[in-house]
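Residue numbers (the working numbering), protein chains in the order written: chain A, 229 to 733; chain B, 309 to 644. A virtual CB, placed ideally from N, CA and C, is assigned to each residue, including glycine. Predicted, not measured: the structure shown is a model, and the values here were computed from it. The structure appears below as structure tokens.
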Amino acid sequence: MEAVSMLLSGFVEAFTPMNLLAALIGALVGTLVGMLPGLGPTSAIAILLPLTTVLGPTQGIIMLAGIYYGAMYGGSTTAILLNIPGEVSSVPTCLDGYPLAKQGRGGAALGIAAIASFVAGVMGVIGLVFFAPLLADQALKFGPPEYFALMTLALTVIVSLAGNSILKGLMMGVFGYLLAMVGMGPSGQIRFNFGIDELSAGFDMISIIIGLFAITEVLKGMEEKQDAISIGKIGSVYPSISDLRKSSKSIFRGGLVGFLLGLLPGCSTAVSTFLAYDLEKKLSKTPEKFGQGAIEGVAAPESANNATSSAGFIPLFALGIPSSPPLAILLAGLMIYGLAPGPVLFEQNGSFVWTVIASMFIGNIMLLVLNLPLVGIWARLTQIPFGVIGPVILVLCFIGSYTVRNNLLDVFVALVFGILGYIFHKFRWPVVPLVLCYILGPMLEQSFVQSLSMSGGNFWIFIERPISLSILIASAILLFVSLILIRRTKLRAKEAVGSEVDIAG
Amino acid sequence: MRRKVAGMLASLVLLGAVMVGCSTGTNSTAKKEEPKYPTKPIEITVPFAAGGGTDLNARAMSEYLSKEWGQPINVVNKTGAGGATGTLEVLKKGSKDGYSILTQSVSAVSASFAGNPNLPFKMEDLRFIARLAVDPLAYVVKADAPWKDLKEFNEWVKKNPDKLTFASNGTTAIATFGVIQWMDSIGADFSKAKLVTTNGSGDALPKVAGGHIVLGVQGVSEVANLVKAGKLKILGIASPQRSPYFPDVPTMEEQGVKGITVTQWYGVSAPAGIPDYVVKKWESAIEKMLNDSAYQEKMKSILVQPDYLNSEDFTKYVKEETEKFKQIAKEKGLIK
Chain A
229 MEAVSMLLSG FVEAFTPMNL LAALIGALVG TLVGMLPGLG PTSAIAILLP LTTVLGPTQG
289 IIMLAGIYYG AMYGGSTTAI LLNIPGEVSS VPTCLDGYPL AKQGRGGAAL GIAAIASFVA
349 GVMGVIGLVF FAPLLADQAL KFGPPEYFAL MTLALTVIVS LAGNSILKGL MMGVFGYLLA
409 MVGMGPSGQI RFNFGIDELS AGFDMISIII GLFAITEVLK GMEEKQDAIS IGKIGSVYPS
469 ISDLRKSSKS IFRGGLVGFL LGLLPGCSTA VSTFLAYDLE KKLSKTPEKF GQGAIEGVAA
529 PESANNATSS AGFIPLFALG IPSSPPLAIL LAGLMIYGLA PGPVLFEQNG SFVWTVIASM
589 FIGNIMLLVL NLPLVGIWAR LTQIPFGVIG PVILVLCFIG SYTVRNNLLD VFVALVFGIL
649 GYIFHKFRWP VVPLVLCYIL GPMLEQSFVQ SLSMSGGNFW IFIERPISLS ILIASAILLF
709 VSLILIRRTK LRAKEAVGSE VDIAG
Chain B
309 MRRKVAGMLA SLVLLGAVMV GCSTGTNSTA KKEEPKYPTK PIEITVPFAA GGGTDLNARA
369 MSEYLSKEWG QPINVVNKTG AGGATGTLEV LKKGSKDGYS ILTQSVSAVS ASFAGNPNLP
429 FKMEDLRFIA RLAVDPLAYV VKADAPWKDL KEFNEWVKKN PDKLTFASNG TTAIATFGVI
489 QWMDSIGADF SKAKLVTTNG SGDALPKVAG GHIVLGVQGV SEVANLVKAG KLKILGIASP
549 QRSPYFPDVP TMEEQGVKGI TVTQWYGVSA PAGIPDYVVK KWESAIEKML NDSAYQEKMK
609 SILVQPDYLN SEDFTKYVKE ETEKFKQIAK EKGLIK
């Protein structure tokens, strides 16, 4: 009960004009950077960090936090309307969001994305209010073997995202992992640079994503010579009752998955959106609709990424552990103000913490209000003729891939992967397993190596620890279920369409 | 109030400017004879992630110097390979006119040179400008670990060196050197201890706090949060004097462990070939900065201790340290 009264006084503080303005600016900037590929919350927060010298601690942190969770809203817009994920975590949103937009139901998809983000954001903040210290302790129970098991679990998703051929999916997965290996390995050895110095820094995730999705989309549009990108009508942004009914459970499940994974340091929003998407597909009675425009396929990842980002504040505030790069910069912001996170923070700077938390409620409401009506404006993007928007997207892609590391190589990489993506599309090779393995591969490798160093090379370490064992068993079951589901889905889709179709990707 | 509004508006403008995609031209050349410096924005590369110790130092410094010099100083993080990636990038692509600057830590310099004979760059490629601060190593274990103090832990390690796991960023990262110097001093067998390679303190410390890894050796500033949260305890700090931030924690030397020279430090360097007058300008500005009371307050908030060395002394220090690390690495067979 003490938490509630503290929260209420936090609200009183959060409603002062300056704090409201800080939350609003944070939400706006966050939405904007979330939409643009390349410029993510990490760089936005880093750019604005110097402002902490001008603003007071409360306003500064409110604004930076707003950018962080606001970006999770913005990421969905371009993903749904243009098939361009602004963030890696928005990739699953593309899978069903873009088909929906093509069917003229982009509005409903955007609406559901905003609502899902809102519900999950609020769920995350409620979790933060009531369970912060308790949950933070649980997160510490995850050691390297547990992370290894968790990554294995996430990798089973490949099977259900592989599309029409599991073999093709696996091959793309391996390709993705090989790409991730380019550069310096976990202990500093250079791999696969083929004697080219530029490659020793590795590829950048964002430029690969920009290539595979955005540039490929432009190429496809050029080929089709019609408005492949301009979809015309997007329909109402307020989802119908049946859409809401269909997605309400997905929103809660996605939120829960996202929240739990968000507690774990190092578990990125990308991992939780992929897992949430896959979970929905498995639980769905009509998994064949996924990838063709299932509204649940938009709801689940969108709620998962918002829940993950809110839950990330729990290890940050309670223990001072940043679970993702933008939170690491936020931690730097706290440190600059001399606010050391931990239980001490709650005791000594209680009014600060609770004001920031209260502002997160307000920020989420602002984002919902901003996103639903404003969606109409963003949606006009899609009505611009392809001849105009295509080149604009290309320019944005180049700028986006360049600004990540200020490196021309990344632009080249984006271009190459754009062409590759187009070829993959032509020959129906799924790109999602590639992206997934690119993200998970290095994490899997690191936790595997760490686990074996802990045990002195003994593989039992994965089996003898209860948490790791349970997750591994769950992965085996999921793999089995996926295989059965895939077969059933293929059959059904064949019955429905009369020929083999792509199931996803 | 008005200042704050202006600040927020400035933030939007700033961000807008970045979105337009203007990049700082790092390759343009300034006239070398011209003694006026800086006349355009400076880019500081941090070869580690944002929010880490090196990053915080770089950001605090850039904030001070951009006011002092009236030119924007941008901090860019280029991570990977224990700092080698960012360093290489500046050496390869940065300009040699003082507008491409590095902020490094011991990990990216001495430890890296000692551990990696095949690095794509040499020590001579860098000009060391000044050391900014030190952050002594704290030896931490899980808060409810069975050892009351360092003495009990030493005894346990001597008997069970094979049960000791420790977190370090790599076989030749500073935590490894810290563990070697400590184990040698107490007469325990290092070759039996198990190194778990972690990806920085943010990866290592939760694993120590959760009891998955027995020992963590990280800078005081890095362990402080989890220590204050009651999840980690410090057994000792390797420093000649007690840390001002943990005055109750005895130094390693006080507890009879002698010979630990490894410390975390942060410093500024640039590609070799940078004009001398620029180095001078940096030296004097940094010396002034470290005596500035507002800056000292900032150092307190990020828990590091200002410790200035000028270019000459800093270069000497780095060379000696690298030699020492190389010797240890050779003795213990850390490099194959």
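Item	Value
What does the Cβ neighbour count give for N365(B), buried or exposed, with the cut at 16 atoms within 10 Å?	buried
So within the region 415-450 of chain A, which uninterrupted alpha helix (DSSP H) runs reach at least 4 residues, ignoring any that extend past its ends?	433-437
Could I get the ranges of all uninterrupted beta strand (DSSP E) runs contained in the region 425-457 of chain B, with 3 residues as the minimum, in chain order?	434-443 and 445-450
If you draw a straight line from the alpha carbon of Y616(B) to that of I488(B), how long is it in whole angstroms?	27 Å
Sorted by chain position, which residues of the same chain lie with C-beta nearer than 7 Å to G349(A)'s C-beta, five sequence neighbours on each side aside?	Y297, N534, S538 and N592
Can you give me the Cβ contacts of D471(A) inside the same chain, cut-off strictly under 7 Å, excluding the 5 residues immediately before and after it?	A336, I340 and I523
Closer than 8 Å, CB to CB, is T362(B) near chain A or not?	no
Please decide whether E376(B) counts as near chain A, where near means a Cβ-Cβ distance under 8 Å.	no
Using a Cβ-Cβ cutoff of less than 6 Å, which residues in the same chain neighbour K502(B) once the five nearest sequence positions on both sides are dropped?	T473
Against chain B, with Cβ distances strictly below 8 Å, would K369(A) count as a contact?	yes
List the residues of chain B that M433(A) touches, going by C-beta distances under 9 Å, in chain order.	Simply none; closest approach about 13 Å.
Beta-carbon within less than 6 Å of G486(B)'s beta-carbon, same chain only, minus the 5 sequence neighbours each way: which residues are those?	L445, V525 and V570
The alpha helix (DSSP H) that contains W573(B), what's its start and end?	No alpha helix (DSSP H) holds W573(B); the beta strand (DSSP E) holding it covers Q572 to P579.
By the criterion of Cβ-Cβ separation under 8 Å, what are the contact partners of A360(A) in chain B?	The premise fails here: A360(A) is roughly 11 Å from chain B at the closest Cβ pair, so nothing lies under 8 Å.
What beta strand (DSSP E) runs, 3 residues minimum, are completely inside the region 357-406 of chain A?	none
So, do the region 347-361 of chain B and the region 412-419 of chain B have three or more beta carbon pairs nearer to each other than 8 Å?	yes
Which residues of chain A have a Cβ atom closer than 8 Å to the Cβ of V504(B), listed in chain order?	P372, Q678, S681 and M682
Going along chain B, which residues have a C-beta under 8 Å from Q576(A)?	Here the premise fails: no neighbours, minimum Cβ distance about 10 Å.
Give me whichever residues DSSP pairs with N385(B) in a beta bridge.	V354(B)
If the criterion is Cβ atoms closer than 8 Å, does the pair F554(B) and V576(B) meet it?	no
What does a CB cutoff of less than 7 Å around L399(B) pick up in its chain, not counting 5 residues either side in sequence?	F429, D433 and P579
Would S537(A) pass as an interface residue toward chain B - the criterion being a Cβ-Cβ separation below 8 Å?	no
Using a Cβ-Cβ cutoff of 8 Å, what residues of the region 525-552 of chain B are near chain A? List them in chain order.	A532, N533, L534, K536, A537, G538 and K539
Quick one: measure Cβ to Cβ for V449(B) and V516(B), integer angstroms, because I've assumed they're closer than 8 Å.	7 Å
Please report the distance separating the alpha-carbon of N635(A) from that of A392(B).	16 Å
Let me know the secondary structure DSSP gives V504(B) once reduced to three states.	strand
Under 8 Å between beta-carbons, which chain B residues line up against Y296(A)? List them in chain order, please.	Those do not exist, as Y296(A) stays about 13 Å from chain B at its closest Cβ, beyond 8 Å.
If I follow the unbroken alpha helix (DSSP H) through I647(A), where does it start and stop?	L636 to K654
Alpha carbon to alpha carbon, what distance is there between N533(B) and Q287(A)?	22 Å
Given a limit of 8 Å on CB to CB distance, which residues of the region 637-661 of chain A reach chain B?	none
Select from S317(A), A299(A), M246(A) and L276(A) the residue whose C-alpha is nearest the C-alpha of A498(A).	S317(A)
My assumption, with CB atoms under 8 Å, is that S679(A) sits in contact with P372(A). Please give the rounded CB distance.	4 Å
Beta-carbon separation of G238(A) and I585(A) under 8 Å?	yes
Return no unless some Cβ of chain A is closer than 8 Å to the Cβ of K606(B).	yes
Check whether the Cβ of N365(B) lies closer than 8 Å to any Cβ atom in chain A.	no
Could you tell me which uninterrupted beta strand (DSSP E) segments, each at least 3 residues in length, are contained entirely in the region 498-571 of chain B, listed from first to last along the chain?	502-505, 523-527 and 540-546
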